[in-house]
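The structure under discussion appears below in the form of structure tokens.
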Amino acid sequence: MLKPKASPLTFPRLLLTGAAGQLGQEMRPRLKAYCDVLRVSDQKDLGAAQLGEEVQITNLANASDMQSLLSGVDAVVHLGGISTEQAWEPILASNIVGMVNLYEAARLQGTKRIVFASSNHVTGFYQQDEVIDTKMPPKPDGFYGLSKAFGEDLAEMYWARWGIETVSIRIGSALPAPKDRRMLSTWISFDDLERLVVAALTAPIVGHTIIFGMSDNQTSWWDNTHAKHIGYRALDSSDVFRHEVEARQPHIDRHDKAALYQGGAFVKVAPHGE
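Mapping the sequence shown onto numbering that gives the first Met the number 0, position 127 (from 1) lands on 126, and the numbers just tick up by one.
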């Protein structure tokens, strides 16, 4: 039986960047249901174009590549870029220069809606005994989180100055199942991520909205009150995995910084890999 679409709205041409990554591979077949043509891009091999697809190998740091990539695009789901803590140079190229190139191409090509894969690591140095909302200042836990905070600020500027709307999704732990007790709070299922991306693409007016990407988990450090207008409703929960996860990890070392801060293990990875 075919899965019903989450929204009756479709786009003539939708762009998915980072299509070769873990989340890109998961979202690629899902997003095709919401557009006439899905353009997929990455620096890596993406295989042959499927029915209703266009494939384009693109370097985010190359401004000319990005102008070509955004040509004729109605909306963007931007999953491209570095997704882990690494040395500054690759993060600068992909997540800083690449973001500027993306938004400049969107401005010049007339694309008016972007869904940006931000990260919970924008706020990784808040403690796990705090509940935060999207109006609180960033506390990035490394260069990766810092680059995503820059991306959110860039999106805000392009909305204020040029009217390009963005939903910045601070993605938690998007995996088939939570791996540890931290992820009981941060987990988002692939189905809920699809629901959230589609809500971000199709909500009537978003301006620049920041929303935490999480499922309906019993425990959570994140309050999405300020993003209610997106219309996202999570239908999955990490609670079905709770017994298994707690049995696998019965004790927490409270002296471990990864157990103290919301960013988990990322707070222990030094910038530049030192």
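Ideal Cβ placement from N, Cα and C applies to all residues, glycine included.
Nearest-angstrom beta carbon gap, residue j and residue i [assumed within contact, 8 Å]
{"i": "residue 240", "j": "residue 168", "result": "In fact, because the Cβ distance is near 22 Å, the residues do not count as touching under 8 Å."}
{"i": "residue 18", "j": "residue 39", "result": "4 Å"}
{"i": "residue 180", "j": "residue 245", "result": "7 Å"}
{"i": "residue 127", "j": "residue 259", "result": "6 Å"}
{"i": "residue 216", "j": "residue 170", "result": "Going by Cβ atoms, the distance from residue 216 to residue 170 rounds to 14 Å, so no, they are not a contact pair."}
{"i": "residue 141", "j": "residue 268", "result": "6 Å"}
{"i": "residue 130", "j": "residue 222", "result": "6 Å"}
{"i": "residue 35", "j": "residue 12", "result": "7 Å"}
{"i": "residue 69", "j": "residue 32", "result": "So it is not a contact: roughly 22 Å between Cβ atoms."}
{"i": "residue 109", "j": "residue 97", "result": "The pair is not a contact, with the Cβ atoms about 20 Å apart (cut-off 8 Å)."}
{"i": "residue 143", "j": "residue 90", "result": "6 Å"}
{"i": "residue 218", "j": "residue 172", "result": "Actually they are not in contact, since the Cβ atoms of residue 218 and residue 172 sit about 13 Å apart, beyond 8 Å."}
{"i": "residue 257", "j": "residue 230", "result": "With a Cβ gap of about 34 Å, residue 257 and residue 230 do not count as contacting."}
{"i": "residue 124", "j": "residue 262", "result": "6 Å"}
{"i": "residue 201", "j": "residue 8", "result": "5 Å"}
Environment of residue i [buried if 16+ CB atoms lie within 10 Å]
{"i": "residue 63", "result": "exposed"}
{"i": "residue 227", "result": "exposed"}
{"i": "residue 50", "result": "exposed"}
{"i": "residue 2", "result": "Only weak support is given to the placement of residue 2: the predicted model assigns it a pLDDT of 47, under 50, and the question is left unresolved by the model."}
{"i": "residue 101", "result": "buried"}
{"i": "residue 21", "result": "exposed"}
{"i": "residue 28", "result": "exposed"}
{"i": "residue 107", "result": "exposed"}
{"i": "residue 194", "result": "buried"}
{"i": "residue 248", "result": "exposed"}
{"i": "residue 224", "result": "exposed"}
{"i": "residue 287", "result": "In the structure displayed, the chain extends from 0 to 273; residue 287 sits before or after that span and is not available."}
{"i": "residue 26", "result": "buried"}
{"i": "residue 206", "result": "exposed"}
{"i": "residue 88", "result": "exposed"}
{"i": "residue 41", "result": "buried"}
{"i": "residue 4", "result": "Only weak support exists for where residue 4 lies, its pLDDT of 46 falling under 50; the coordinates are left without a value."}
{"i": "residue 204", "result": "exposed"}
{"i": "residue 243", "result": "exposed"}
Coarse secondary structure for residue i, derived from DSSP in three states
{"i": "residue 229", "result": "helix"}
{"i": "residue 11", "result": "strand"}
{"i": "residue 212", "result": "strand"}
{"i": "residue 40", "result": "strand"}
{"i": "residue 196", "result": "helix"}
{"i": "residue 125", "result": "coil"}
{"i": "residue 239", "result": "helix"}
{"i": "residue 84", "result": "coil"}
{"i": "residue 35", "result": "strand"}
{"i": "residue 29", "result": "helix"}
{"i": "residue 55", "result": "strand"}
{"i": "residue 247", "result": "helix"}
{"i": "residue 106", "result": "helix"}
{"i": "residue 99", "result": "helix"}
Which residues DSSP lists as bridging residue i, in chain order
{"i": "residue 221", "result": "131"}
{"i": "residue 169", "result": "117 and 211"}
{"i": "residue 74", "result": "13"}
{"i": "residue 186", "result": "172"}
{"i": "residue 157", "result": "Residue 157 is not bridged to any residue."}
{"i": "residue 181", "result": "In DSSP, residue 181 forms no bridge with anything."}
{"i": "residue 112", "result": "164"}
{"i": "residue 260", "result": "126"}
Three CB pairs or more closer than 8 Å across the region 164 to 182 and the region 107 to 122: Short answer: they touch.
Three CB pairs or more closer than 8 Å across the region 133 to 147 and the region 178 to 195: Not touching, per the Cβ criterion.
Cβ contact (3+ pairs, closer than 8 Å) linking the region 172 to 179 and the region 139 to 152: The answer is no - the region 139 to 152 does not touch the region 172 to 179, with fewer than three Cβ pairs under 8 Å.
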